[in-house]
C-alpha cells in the first residue's frame, strides 16, 4: 500500500569527498510501523507469546507454591498459627523449628547415614545401569529381548509385592546356601534342607506309620561341624585401671555404636554388625541390602535407568566403537575409555535421579532399617522435638509445620545438588535421542 | 616379495592364534554382551528370582516367625479368598484405583506432551522454566509425597490468602470452580463428561504436574530427535504450525507416547501414593496381615500386567516408526 515510490529514483542528497548520502523516498515512519506491527501475523505472535508466558509462570507458581508455604510455615512461631491475620508472612520470625530438629532429632547423624547410603547406592546404580544399558544397546545375542523383558518386569512388579520376601531375603540372607553350608547347616536346595545327605528317606505307609526311619547320612556330621564363618573384633576394656585389648571371636559382624576418645573428646563410631547363623546372615539394619540390589541393577527404579541408558547408547554411532576395535581396543576398554566420557551428561542425569530418589525413598529405607538405633532422614518425619511440644490451639497446624520443615531439611541438600546439576538433566535427556 | 615378507613375519602370531579355538566376531560380541548384562543376570537369578518365588510362596501359605528362622505352612488359596471375600474394602479400593488411573493416564500424557512442546520452543527464560518444571521430579518424591498427602498447612495458608470470594473455596489447588467451566462449556454444546474431566484435570493440576516430570523429559528427548530438515521442508511447502504438528510432530512422537503410557501406568501403579498400594501397606503392618498383603499385591500385579499389556497393545497399533533408509 505504501510502496508507490517505484518510479521515484533514489536521490543523492549530499555528497562529500568520500561519502554520499542517498535518500530513497521512504514511506513515513508511522505507516512503516503500522505495517510492521498491526498485521495479523505479528499480533497473533504477540498473543501466543503472552499466553505462553502466562501459562509458564502459572505452572511454575503451581510447582513452587507448596514449597513457599512450607518455607513460610517453617519460620513461624506457634503464635502465628492461631493469628488469623497471619498467612504467608510470619509476624514472629523464628528459626526454632530448624534448631530443634537439628539438635533434638539427631539430624546430622541421620544426614550422614542417608548420605552414605544414597551416595554409594547412586554411584553403583549409575555405573551398573550404564554397563547393563550398554550391553542391551550395542550387542546382539540370543535372549537379549527376553532379558530386557525381565528388566521391564522388575519395574512392573510393585515393590509392595516383594516387601515381605525382600525382608526375609535379607533377614536370612544366604546366596546359594553358602552361609548355611559354612555354618554347618547342611545344603539347601530349592528351599528344602537336604541336610541328611546320603540318608535313607523316611517311608510312611497309608496309615501314617513310619516304616523306615530317616537316618542322617554319612555327610551330615561333617556339615554339623563345619563352621568357618567366624569373625573377630577387637575390644578394649578397662579392668582394674588397666586397659586390656583383646580379640573376640564371634558369629557377628556388627553395626553398633561405640565411642572413642580422641584429643580429649568423645566421638561416635559405628560398626557393621551382621549376624551369621545357620539360617543365614542378618543384613537388616545395614547398608548391605541396598548395595547388593544396586550392584544387580535391581534398586529403586533401576529399570528406568537401564532403559534410559539403552536408548542413549543406541544413539551413539557404531562407527565410533568399530574404529576403536580395529585399533585393538577390547569391548570393555572401549566402553570405559570412549563411550563413558561421551555420556557424562546422561551419567549425571541418572546419578541425579538415583541419588535424589534414594535420598527421599521411604520404602527401602523403612524396610531395611526398621531399628531405632540407625537413624535415617526419612524416619525423622513425624517426630516432634520435645522442646516444641505444645498444647494450645494451633497445635495441629504447628505440628504440620514441623513435619513440613522436616521435609524441607531433608530435601535441602538435594536443592543444592539440583541447582548445580540441573543443566545436565535436560542436556542428558536431549542427547539421548530416544526415538531412534 | 614384500607380501611374503610380511606373512613370514606374521607367522608366529598366526600359529599362536591357531591353537585357540576360533571364535567368530558375532559370537565374541554376543559373549561381550552377556558380560555387560551379567550384573543384572546374576542379581536377577541370585536375589530377585528367589524373592519373587518366596513372595508367591508366602501368598499361598501361613507364616510364623520364630527367633532365628521362619516357618511356612501351605494353605492354598486361603489368603486370596480372604483378600476378595472377607476384606470388605479391598475390591472396592481396587476398582476405584483403576478408575482413577483411567482418568490420570490421558491427562498426564496430554499435559506432558503439551509442556514438552512448550519447553522445546525458543522463548524467554526457557532455562529457568525448565529448571522449575523438573523440580517435582527430583524433590516431590518419596517422603515429600507422603508429607504433602497429609498436609494441612498449605490448605490453611491458602485459606485466607489472595482473592477470597467468601465461599472458602478459592484455593490454589482449586483453580477454577466447575460451575464457571460448566457454564462455558454448556454454551459450546459438549457433553458433561468432558466438562467434568477437564475441571477435574485442572483442579488436580498440581498432582498432574508432579507426576509428569519423567514423561516430559522423555517427550522432550523425542522432540529433539526429530530432524529439523523435516520441519524446514514443511515450512517451504507452506504448512501451518497446526498442520505440521499433526502431520509431523505427532506421528514422530507416537513411540514416545507408547513408552510414556506404559511408564505412567507402571509409575502410578507402583507409587506409594497409590491408594491400593497404601492400603496393602496398611494391611502389611497388621498382625498376621503379611501373607494377606502378599496375596493382595499379587492380585494387583496380575491386574497391572494385564493393563500394561492392553495399553501397549492398543497404542502400538497406532505407533508410527520412521523407517531408516539403509
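Chains as they are written, first to last, in my numbering: chain C, 988 to 1423; chain B, 402 to 727.
Where a beta carbon is used, it is the ideal one built from N, C-alpha and C, also for glycine.
The structure displayed is predicted, hence computed values, not measured ones.
C-alpha distance - residue i paired with residue j, whole-angstrom precision
| i | j | result |
| --- | --- | --- |
| residue 479/B | residue 685/B | 16 Å |
| residue 1079/C | residue 1387/C | 18 Å |
| residue 507/B | residue 514/B | 10 Å |
| residue 670/B | residue 450/B | 21 Å |
| residue 441/B | residue 1119/C | 7 Å |
| residue 546/B | residue 719/B | 34 Å |
| residue 606/B | residue 654/B | 23 Å |
| residue 1271/C | residue 1361/C | 11 Å |
| residue 464/B | residue 701/B | 21 Å |
| residue 1336/C | residue 1344/C | 12 Å |
| residue 1291/C | residue 709/B | 15 Å |
| residue 695/B | residue 1103/C | 31 Å |
| residue 698/B | residue 1147/C | 7 Å |
| residue 1074/C | residue 1042/C | 26 Å |
| residue 667/B | residue 1052/C | 28 Å |
| residue 598/B | residue 530/B | 27 Å |
| residue 1154/C | residue 1045/C | 44 Å |
| residue 1033/C | residue 1023/C | 13 Å |
| residue 703/B | residue 1296/C | 28 Å |
| residue 1114/C | residue 1049/C | 35 Å |
| residue 595/B | residue 502/B | 16 Å |
| residue 611/B | residue 656/B | 23 Å |
| residue 1152/C | residue 1317/C | 40 Å |
Assumed close pair residue i, residue j - CB separation to whole angstroms, cut-off 8 Å
| i | j | result |
| --- | --- | --- |
| residue 661/B | residue 616/B | 5 Å |
| residue 1372/C | residue 1092/C | 6 Å |
| residue 553/B | residue 680/B | Their Cβ separation, rounded to whole angstroms, is 22 Å, which puts residue 553/B and residue 680/B out of contact at 8 Å. |
| residue 1124/C | residue 1320/C | Actually they do not touch by this definition, with Cβ atoms about 17 Å apart. |
| residue 1283/C | residue 444/B | 2 Å |
| residue 448/B | residue 1156/C | 7 Å |
| residue 659/B | residue 622/B | Not a contact, Cβ separation roughly 14 Å. |
| residue 1394/C | residue 539/B | The pair is not a contact, with the Cβ atoms about 14 Å apart (cut-off 8 Å). |
Same chain, Cβ closer than 8 Å to residue i, neighbours up to 5 away in sequence not counted
| i | result |
| --- | --- |
| residue 1366/C | 1097, 1352, 1353, 1356 |
| residue 651/B | none |
Chain B within 8 Å of residue i, Cβ atoms only
| i | result |
| --- | --- |
| residue 1398/C | yes |
| residue 1365/C | yes |
| residue 1080/C | no |
| residue 1278/C | no |
| residue 1350/C | yes |
| residue 1152/C | yes |
| residue 1274/C | no |
| residue 1102/C | no |
Where residue i falls, given that 16 or more other Cβ within 10 Å makes a residue buried
| i | result |
| --- | --- |
| residue 557/B | buried |
| residue 424/B | exposed |
| residue 1328/C | exposed |
| residue 452/B | buried |
| residue 629/B | exposed |
| residue 1059/C | buried |
| residue 729/B | Outside the shown range of chain B, which is 402 to 727, sits residue 729/B, and nothing can be said about it. |
| residue 1310/C | exposed |
| residue 707/B | exposed |
| residue 1028/C | exposed |
Beta-carbon contacts of residue i that lie in its chain and below 7 Å, excluding the five residues immediately before and after
| i | result |
| --- | --- |
| residue 1381/C | 1065, 1068, 1069 |
| residue 497/B | 676 |
| residue 1287/C | 1344, 1345, 1348, 1351 |
| residue 635/B | 645, 649 |
| residue 1369/C | 1390 |
| residue 1141/C | 1285, 1290 |
| residue 505/B | 669 |
6 Å Cβ shell around residue i - same chain, five flanking residues per side excluded
| i | result |
| --- | --- |
| residue 1384/C | 1068 |
| residue 1094/C | 1088 |
| residue 601/B | none |
| residue 1338/C | 1109, 1113 |
Min CB distance residue i to chain C below 8 Å
| i | result |
| --- | --- |
| residue 632/B | no |
| residue 548/B | yes |
| residue 652/B | no |
| residue 487/B | no |
| residue 707/B | no |
| residue 540/B | yes |
| residue 440/B | yes |
| residue 608/B | no |
| residue 561/B | With a pLDDT of only 46 at residue 561/B, under the threshold of 50, the placement of this residue in the model should not be trusted, and no figure is reported. |
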